[in-house]
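Numbering (this note's numbering), first residue to last: 83 to 600. For reference, the structure is listed below as structure tokens.
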Amino acid sequence: MRRPTRSVLAACICLVALANAQCGQGVGGNETGSPALTIHVPDSDERELGPTSAEFNWFFVFLGLADGPEDDTDPEPRLLDRWEHTPDYTEWTVHVREGVHWGDGVPVTADDVKFSLELWTRPDVWYEYRWFETITVLDSHTLRITFPDPPPATISTFNWLPILPRHSLANLDVDELFGWPFWKQPVGNGPYRYKRHVPQVMTELERNPDFYGPAPNVPTIVLRYGGNGLTELLGGNVDVATLITPVEAIRLSEDPRFRIYHRAQYKHQVAIAWNHRLPLFRDAAVRRALTMSIDRRELHRVLNYPGNLAVFDVPATERHHVQGMVPDPLPFDADRASRLFASAGWVDGDGDGILDRNGQDFRFTLRTSEETSAQAVYIQDQFRRVGVRMDVSTHERNVLRERIHDHDFDAAIDTYNYIEQFGEFPISGYVNPEVSRLRDAVWFTIDRDEADGYMRELWRIVGAEMPITFLHPRIRYLAAHRRVSGLQNTSGQMPTDTPLPLLLEQVWIEKDGGADAP
83 MRRPTRSVLA ACICLVALAN AQCGQGVGGN ETGSPALTIH VPDSDERELG PTSAEFNWFF
143 VFLGLADGPE DDTDPEPRLL DRWEHTPDYT EWTVHVREGV HWGDGVPVTA DDVKFSLELW
203 TRPDVWYEYR WFETITVLDS HTLRITFPDP PPATISTFNW LPILPRHSLA NLDVDELFGW
263 PFWKQPVGNG PYRYKRHVPQ VMTELERNPD FYGPAPNVPT IVLRYGGNGL TELLGGNVDV
323 ATLITPVEAI RLSEDPRFRI YHRAQYKHQV AIAWNHRLPL FRDAAVRRAL TMSIDRRELH
383 RVLNYPGNLA VFDVPATERH HVQGMVPDPL PFDADRASRL FASAGWVDGD GDGILDRNGQ
443 DFRFTLRTSE ETSAQAVYIQ DQFRRVGVRM DVSTHERNVL RERIHDHDFD AAIDTYNYIE
503 QFGEFPISGY VNPEVSRLRD AVWFTIDRDE ADGYMRELWR IVGAEMPITF LHPRIRYLAA
563 HRRVSGLQNT SGQMPTDTPL PLLLEQVWIE KDGGADAP
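Pasting the structure below:
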């Protein structure tokens with residue numbers, strides 16, 4: 083099960099370099115001959131349109147309530163066409179768009195919205211926190227939602243959740259939700275509808291003729307499973323390869339057939355969690371020294387990440403970075419780091435090149451996954467230079483998450499939600515009541531300026547105590563055939579948490595393979 087998050091999730095697509103490859107025509111069996119867009123989805127299968135999806139492709143076939151990032155105070159209507167709230171924001175009246183139907187012809191109603199929000203927030207599902215107190219259906223297209231406190235980020239809190247057909251699912255066993263056969267042949271209300279699938283191979287979607295909004299430019303979408311994205315793209319089997327590695331991005335950027343894009347997700351950040359339960363990491367001076375021992379800008383270059391990627395020490399959204407609000411990070415300064423280690427009693431007393439204190443060497447193990455193993459190797463070398471010995475233990479992702487959840491680690495590199503690791507989610511064991519209070523104040527304050535004031539107070543404390551060490555935002559690379567148009571540099575224009583499937587309504591396919599194709 084996916085770890086719950088408040089984020090609307092996933093994807094500012096920013097141009098990095100160019101590309102173009104053999105098209106994935108025929109992969110989906112598009113019998114009409116009209117252009118199809120074939121997308122490689124790694125480590126997935128025909129349940130990709132359900133809650134096991136890593137990229138939330140369910141928005142191909144399901145509508146969310148509205149569009150916009152989590153902190154958007156003015157989201158765009160989607161399934162809802164309007165809403166009102168009381169002055170204290172604790173009671174919302176939301177209106178479901180009329181004339182929207184499920185793929186089987188049944189009208190979409192307020193009962194579907196109530197069912198879906200209550201389903202995703204059930205304690206035994208917990209796909210999202212139950213921020214609301216009650217949901218009351220007033221009529222077939224109107225609901226009243228009450229909150230004990232002002233909800234974080236207004237109605238956009240629930241933007242990333244798909245609304246499902248109650249009449250198809252209400253009698254199914256919720257304990258089996260993640261394995262429901264429904265996800266393989268979903269009945270939706272989005273821009274595309276299910277057409278067919280081949281187990282473990284592909285799912286084909288076609289344009290939904292009854293979609294309430296403008297018809298997508300691409301008539302057919304094929305999700306292709308299995309294999310390697312780079313191989314599939316070079317072999318002409320797909321038009322888009324998601325989640326390619328930085329090394330693969332370098333290779334593809336040299337091929338004029340492709341364009342390479344990246345998505346920087348500032349609300350999901352790769353960081354080192356120091357286990358505060360261990361005496362080794364309880365001293366803030368030590369954690370600051372460790373952070374200053376890592377040249378994070380060079381790390382970004384080593385990883386082939388964008389040159390303008392931010393370095394930071396506090397949790398922040400992309401808006402905070404764009405507006406220049408985020409405080410400057412600790413610099414890379416090995417000499418200053420050594421002085422901090424010494425102030426905490428860590429010096430090389432026996433001349434073996436390893437810091438020690440009271441007869442104990444400064445040695446620990448860092449747990450990581452294959453996805454962040456390159457970061458671990460680089461950091462291991464950086465620490466060696468200041469007298470810290472770090473062993474690296476690499477695990478399969480689910481095993482790593484289990485070890486972290488069970489607090490079975492000295493330190494660990496993983497992806498964290500930008501603020502949830504504090505407060506009631508002390509992954510590192512770090513607990514500070516004032517940080518928890520400020521975190522809650524940020525979430526439950528509707529006024530952006532007031533919330534930013536609380537955030538600055540939080541930054542002051544977190545920046546001083548350094549409970550974890552941020553390395554970089556989570557970066558996702560995507561490669562597309564040159565004939566795929568409409569994916570472009572949207573930095574500063576589109577929120578990073580706009581899911582790719584929503585963007586695909588703006589994508590089209592050039593019949594000649596792209597005007598500037600070789």
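Note that the Cβ used here is the ideal one computed from N, Cα and C, for glycine as well.
Beta-carbon proximity list for residue i, same chain, < 7 Å, skipping 5 on both sides
i, result
"Arg160", "Leu145, Gly146, Leu147, Ala148 and Asp149"
"His177", "Leu162, Asp163, Arg164, Trp165, His223 and Thr224"
"Phe446", "Leu362, Met472, Asp492 and Ala493"
"Asp228", "This sequence places Thr at residue 228; Asp is not what is there. Here the set comprises Thr172, Glu173, Phe214, Glu215 and Thr216."
"Arg418", "Met374"
"Lys196", "Ile217, Val219 and Leu225"
"Leu305", "Ile121, Val123, Glu130, Asn139, Met284 and Thr285"
"Ala353", "Tyr498, Ile550, Thr551, Phe552 and Leu553"
"Glu484", "none"
Sheet register partners of residue i (DSSP bridge)
i, result
"Asp221", "Thr224"
"Val123", "Tyr307"
"Ile550", "Ala355"
"Asp206", "The partner list for Asp206 (beta bridge, DSSP) is empty, contrary to what the question assumes."
"Ala323", "His122 and Ala561"
"Arg345", "Arg558"
"Val396", "Looking at the DSSP assignment, Val396 forms no beta bridge with any residue, so it has no partner."
"Ala148", "Pro159"
"Ser567", "Trp590"
"Val429", "Asp438"
"Pro189", "His183"
Spatial neighbours of residue i in its chain, beta-carbon cut-off 8 Å, leaving aside the 5 residues before and after
i, result
"Arg467", "Ser375 and Ala416"
"Ala456", "Val384 and Leu385"
"Leu243", "Gly146, Leu147, Ser198, Leu199, Trp202, Tyr209 and Glu210"
"Arg310", "One detail in the question is off: residue 310 reads as Asn in this sequence, not Arg. The answer, listed in chain order, is Pro124."
"Ile332", "Asn386"
"Ala523", "Ala533 and Tyr536"
"Leu254", "Trp262 and Phe264"
"Ile486", "Ala355, Arg449, Ala494, Asp496 and Ile509"
Endpoints, alpha helix (DSSP H) assigned at residue i
i, result
"His177", "Unbroken run through His177 is the beta strand (DSSP E), Glu173 to Val178; no alpha helix (DSSP H)."
"Asp415", "Looking at the DSSP string, Asp415 is not in any alpha helix (DSSP H), and its letter there is neither H nor E."
"Ala213", "As written in the sequence, residue 213 is Trp, which differs from the Ala given in the question. Counting along the chain, Trp213 falls outside any alpha helix (DSSP H), and DSSP gives it neither H nor E."
"Ile332", "Pro328 to Ser335"
"Glu516", "Pro515 to Trp525"
"Glu380", "Arg378 to Val384"
"Thr373", "Ala366 to Met374"
"Arg248", "Arg248 to Leu251"
C-beta contact flag for residue i and residue j at 8 Å
i, j, result
"Thr373", "Glu130", "no"
"Leu422", "Ala367", "yes"
"Ser510", "His358", "yes"
"Thr172", "His223", "no"
"Arg345", "Arg558", "yes"
"Leu381", "Tyr498", "no"
"Tyr274", "Pro247", "no"
"Leu287", "Phe444", "no"
"Val470", "Leu437", "yes"
"Glu400", "Tyr348", "yes"
"Glu336", "Ala323", "no"
"Leu391", "Pro555", "yes"
"Phe340", "Ala561", "yes"
"Phe260", "Thr134", "yes"
"Val256", "Asp194", "no"
"Val396", "Trp541", "yes"
"Pro232", "Asp170", "yes"
Cutoff 8 Å: residue i Cβ touching any chain C Cβ
i, result
"Leu381", "In summary, chain C is missing from the structure at hand, where a single protein chain is found."
Cut-off 6 Å between Cβ atoms - residues of its own chain near residue i, not counting five sequence neighbours on either side
i, result
"Phe394", "Val408, Pro411 and Phe552"
"Ser49", "Because residue 49 is not part of the residues shown, which for the chain are 83 to 600, the question remains open."
"Lys593", "none"
"Glu547", "Ala366"
"Thr175", "Glu166 and Arg226"
"Leu448", "Ala458, Met472, Val474 and Ala493"
Boundaries of the beta strand (DSSP E) in which residue i is found, first to last residue
i, result
"Asp163", "Leu162 to His167"
Fully enclosed by the region 268-314, which beta strand (DSSP E) runs are 3 residues long or longer?
-> 274-280, 284-289 and 302-307
Residue ranges of each alpha helix (DSSP H) within the region 440-507, 4 or longer = 455-467 and 479-487
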